[in-house]
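Per the working numbering, the very first residue in the sequence shown carries number 246; after that it's consecutive. All residues carry an ideal CB built from backbone N, CA and C; glycine is no exception. First up is the structure itself, then whatever we jot down about it.
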Amino acid sequence: MPTRPDLLLRLEALLFLLASLFAYSARHGRWILFAALFLLPDLSLLGYLTRNHKRFAAGLYNAVHSYVGPLALWFLAWKGHSEMLGEGALIWIAHIAFDRVLGFGLKYPEAFQPTHLQTVRVFRSS
246 MPTRPDLLLR LEALLFLLAS LFAYSARHGR WILFAALFLL PDLSLLGYLT
296 RNHKRFAAGL YNAVHSYVGP LALWFLAWKG HSEMLGEGAL IWIAHIAFDR
346 VLGFGLKYPE AFQPTHLQTV RVFRSS
């Protein structure tokens, strides 16, 4: 039985990362496109340049770093038979999963740190 939720969440993210990379490869995705778009979701961090709008910045970051967006994009790709949207969804999922493997989680509006992953570890009993 896992007693470290933070490690379990990182393992889960690693599996999402590997699955998205496998699916991208199986679709014969263009790796140059993958490299070009992989860090695109991190543009949402620009919201933190405005110090007076932490709630907006956290909301923007969380919206872009939630699996809801790429899954909706994948659904649109599936319904519209769009290879490009499907590749975009897989790249987006890979980015989110990579961030979570590294320990970057969703943000709280009070501060840039801690994220939801660090909070899981903080409440762990000794």
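| query | result |
| --- | --- |
| Please report the distance separating the alpha-carbon of G292 from that of A308. | 12 angstroms |
| Reducing DSSP to helix, strand and coil, say where Y312 ends up. | coil |
| Per DSSP, which one or two residues make a beta bridge with A356? | Y353 |
| Grouping DSSP H, G and I as helix and E and B as strand, with all else coil, what is H340? | helix |
| When we look at the beta-carbon of H273 and count the other beta-carbons within 10 Å, is it buried (16 or more) or exposed? | exposed |
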